[in-house]
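All remarks here apply to the structure that follows.
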Amino acid sequence: MSTDTEAPIYNKSALEFKSSSFSSPVLVIHSTDLKQIKHQLKEKIAQAPEFFKNSPLLIDLKFCNENEHPLEFEPLIEFLHKEKLFPIGVSGANEEQKNTAFKFYIPLHTIRGAHAESKLPPQSTTANTTENTNKKSSDEAISTVENMLITQPVRSGQRLYAKGDLTILSHVSAGAEVMAEGNIHIYGALRGRALAGVQGNTQSRIFCSALHAELISIAGHYKTSEDLDTLDQQKPTQILLQDQALIINNL
Amino acid sequence: MARIIVVTSGKGGVGKTTTSAAIAMGLAKKGHKTAVIDFDVGLRNLDLIMGCERRVVYDFVNVINGEASLRQALIKDKRCNQLFILPASQTRDKDALTQEGVGKVLKELSKEFKYIVCDSPAGIERGANLAMYFADDAFVVTNPEVSSVRDSDRMLGILASKSRRAENGEEAIKEYLLLSRYSPERVKLGEMLSVEDVQDILSLHLLGVIPESKSVLNASNSGTPVILDEESNAGKAYADVVARYLGEDVPHRFIDEEKKGIFGKLFGKK
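If you want it as structure tokens, here you go:
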């Protein structure tokens with residue numbers, strides 16, 4: 055998070071610029087046949103009307119522009135608006151499509167596609183049309199910053215969730231809960247709960263400089279403090295998953 | 204602008220009100236105009252500890268509701284003319300406090316006072332949240348035992364995430380640790396957590412260790428902030444705390460067992 059204000063510091067400023075990230079469905083268009091697109095999109099929306107209702111949408115035209123005939127973009131936007139979907143960006147557009155996008159006040163984006171492997175396979179997400187832009191677009195990838203860095207102690211009652219790796223420079227107190235889809239690195243003592251690979255990534259690990267955890271878990275395989283009693287808890291430790299069993303090693 | 208200090212802990216009975224009274228008096232005695240506010244609506248105690256319970260006419264909730272002016276509600280301390288007390292209401296509950304109302308009162312106090320000490324109620328509900336919401340500094344009062352330490356840890360998490368400073372993305376509240384009811388003898392026997400143990404869990408800046416002392420109860424009973432009992436260890440410890448908070452370099456005391464002389468041993472002098 056970065057804040058950026060130019061206002062004099064003596065006054066309470068009325069606004070500030072912040073940077074933040076959020077997730078949004080991406081509509082990847084493969085065909086230039088507008089009729090076909092409309093038909094399939096309607097089907098998808100019918101499957102999960104609540105999910106799509108008033109949803110922001112990024113449109114990825116990269117693949118459909120590999121076809122010979124370019125897609126007519128304007129009718130597509132109008133159709134999306136009619137279906138109560140709000141395009142908030144276009145990626146991979148050609149010049150004409152870019153101009154159309156500007157006309158509708160839709161900004162241009164370059165979709166970043168680095169979070170491929172750790173995610174769930176696309177068929178389990180709501181629909182193929184909203185799949186994440188996987189490896190296919192990795193040539194234009196800028197690595198996503200979904201890792202999280204925490205410099206303060208994680209206090210009792212606090213919960214953290216990182217979409218990538220979670221690094222904590224201080225300790226994790228008893229009664230705190232830290233979760234990550236990737237690895238968890240704790241440079242202080244782990245006294246609370248740590249759950250790595252919460253989306254099922256069995257390769258993720260937990261590292262900490264002292265293990266007094268209430269619970270540790272990797273991809274759903276867990277141990278509670280009762281099972282951890284016999285260990286040398288003061289040493290730097292790693293926890294990994296091997297053949298469905300949690301392995302705890304001193305480093 | 205005033206500096207707003209919240210005295211908080213999460214757990215009850217650890218010495219928040221004793222500490223609020225002592226440091227408010229300490230700051231006032233150093234010549235800083237100080238107000239101390241009781242946020243424990245419904246269970247008001249600060250006026251007792253300050254010895255002004257018989258002079259309460261209007262209270263904090265009256266001021267918030269516009270039924271009395273601040274000037275009417277503030278009670279001037281008889282021992283120190285720089286110290287004012289804003290008592291809590293005993294007949295209401297904590298829902299009578301609103302964020303807007305508290306903010307308004309604090310803003311008005313800020314014009315006139317150098318320090319505003321907010322005595323937080325126990326728990327992490329409305330009263331405690333409002334007491335800490337506007338704070339610049341937090342004194343986290345902790346007893347050397349596991350449940351108190353854990354509650355303090357929880358409170359620190361709330362300070363870091365739910366205060367005005369946190370919500371506006373400003374510089375975080377400065378947090379200080381005050382370890383109260385400390386008994387080096389019992390630490391030695393392993394009955395109590397040591398300063399190091401507590402620091403290991405909380406990793407906070409230690410502002411002072413207040414030793415377990417009979418004078419605290421005596422002071423409370425007589426309505427005198429314990430800091431005025433300059434002979435007692437607790438009084439001295441609070442004086443150190445105030446001095447350290449104001450930036451003086453004072454070495455820590457009362458952490459190690461006092462070495463008693465032969466007479467002390469014979470007569471059990473305390």
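First to last, the sequence lines map onto chains A and B. For the first sequence, position 126 (counting from the first letter as 1) is numbered 180 according to our numbering, and the numbering increases by one without interruption. For the second sequence, position 75 (counting from the first letter as 1) is numbered 278 according to our numbering, and the numbering increases by one without interruption. Built from N, CA and C at the ideal position, the CB exists for glycine as well. Owing to the predicted nature of the structure, the values given are computational and were not obtained by experimental measurement.
Check: Near the ligand ATP: I404(B) beta-carbon under 6 Å from a heavy atom; Outcome: Of ligands this structure carries none, so the ligand ATP is not represented either.
Check: Within 7 Å of chain A by C-beta, residues of the stretch 331-354 of chain B in sequence order; Outcome: R353
Check: Supposed close pair L282(A), A267(A) - CB separation, criterion 8 Å; Outcome: 6 Å
Check: C-alpha gap between V144(A) and P129(A), whole angstroms; Outcome: 15 Å
Check: Proximity of S142(A) and P110(A) at Cβ, strictly below 7 Å; Outcome: The amino acid at residue 142(A) is misidentified as Ser; the sequence shows Ile. Result yes, Cβ atoms of I142(A) and P110(A) sit closer than 7 Å.
Check: Chain B contacts from the stretch 202-220 of chain A (Cβ-Cβ distance under 7 Å); Outcome: Q206, P207, R209, S210, G211, Q212
Check: Burial state of H239(A) (16 or more Cβ within 10 Å); Outcome: buried
Check: Closer than 9 Å at the beta carbon, the chain A residues around D356(B); Outcome: P207, R209, S210, G211, S227, A228, G229, A230
Check: Rounded Cβ spacing between H235(B) and Y318(B) (contact assumed at less than 8 Å); Outcome: 6 Å
Check: Contact under 7 Å by Cβ, I288(B) with V239(B); Outcome: yes
Check: Buried versus exposed, by CB contacts within 10 Å (16 or more), A231(B); Outcome: buried
Check: Proximal residues to S350(B) (C-beta, below 8 Å), its chain only, five neighbours per side dropped; Outcome: K214
Check: V181(B) (DSSP reduced to helix, strand or coil); Outcome: Absent from the model: residue 181(B). The displayed extent of chain B is 204 to 473, so no value can be given.
Check: Residue span of the beta strand (DSSP E) that contains D297(A), given as start and end; Outcome: Counting along the chain, D297(A) falls outside any beta strand (DSSP E), and DSSP gives it neither H nor E.
Check: Whole-number beta carbon distance between A442(B) and I430(B), since they are thought to touch under 8 Å; Outcome: 6 Å
Check: Integer-rounded CB distance, given that F106(A) should sit under 8 Å from I113(A); Outcome: Their Cβ separation, rounded to whole angstroms, is 14 Å, which puts I113(A) and F106(A) out of contact at 8 Å.
Check: Beta-carbon proximity check, L269(A) vs T256(A), cutoff 7 Å; Outcome: no
Check: Nearest neighbour of E298(A), chosen from N304(A), R245(A), I272(A) [CA to CA]; Outcome: Sequence inspection shows Gln at residue 298(A); the Glu mentioned does not correspond to that position. Comparing Cα-Cα distances from Q298(A) to each of N304(A), R245(A), I272(A), the minimum goes to I272(A).
Check: Any chain A beta carbon closer than 7 Å to G360(B); Outcome: yes
Check: Cut-off 8 Å between Cβ atoms - residues of its own chain near I83(A), not counting five sequence neighbours on either side; Outcome: I91, I113, D114, L115, F117, C118, L125, L130
Check: Any alpha helix (DSSP H) of 4 or more consecutive residues that is wholly inside the stretch 79-115 of chain A; Outcome: 88-101, 103-106
Check: C-beta neighbour in chain A for S406(B), strict 7 Å; Outcome: yes
Check: 8 Å Cβ cut-off: residues of chain B touching S224(A); Outcome: S406
Check: Three-state class that DSSP yields for H123(A) in the structure shown; Outcome: coil
Check: Continuous alpha helix (DSSP H) assignments of at least 4 residues falling wholly in the stretch 411-443 of chain B; Outcome: 417-425
Check: Contacts around L246(B), its chain only, beta-carbon distance under 6 Å, and the 5 residues preceding and following it disregarded; Outcome: none
Check: Alpha-carbon spacing of I160(A) relative to H135(A), whole angstroms; Outcome: 12 Å
Check: Beta carbon of F342(B) nearer than 7 Å to that of L381(B); Outcome: yes
Check: Chain-order list of residues whose beta-carbon lies under 7 Å from that of V412(B) (same chain, five-residue window excluded); Outcome: L382, Y385, V398, A440, H455, F457, I458
Check: Other residues of its chain near D340(B): CB distance less than 6 Å, five sequence neighbours each side excluded; Outcome: I208, K377
Check: Per-residue contacts from A325(B) into chain A (C-beta, under 7 Å); Outcome: Those within 7 Å of A325(B) in chain A number zero; the least Cβ separation is about 15 Å.
Check: Where the alpha helix (DSSP H) containing S355(B) begins and where it ends; Outcome: 349-365
Check: Helix, strand or coil at M204(B) according to DSSP, with G and I counted as helix; Outcome: coil
Check: Check whether K297(B) and R274(B) have beta carbons under 7 Å apart; Outcome: no
Check: Terminal residues of the alpha helix (DSSP H) in which K219(B) lies; Outcome: 219-232
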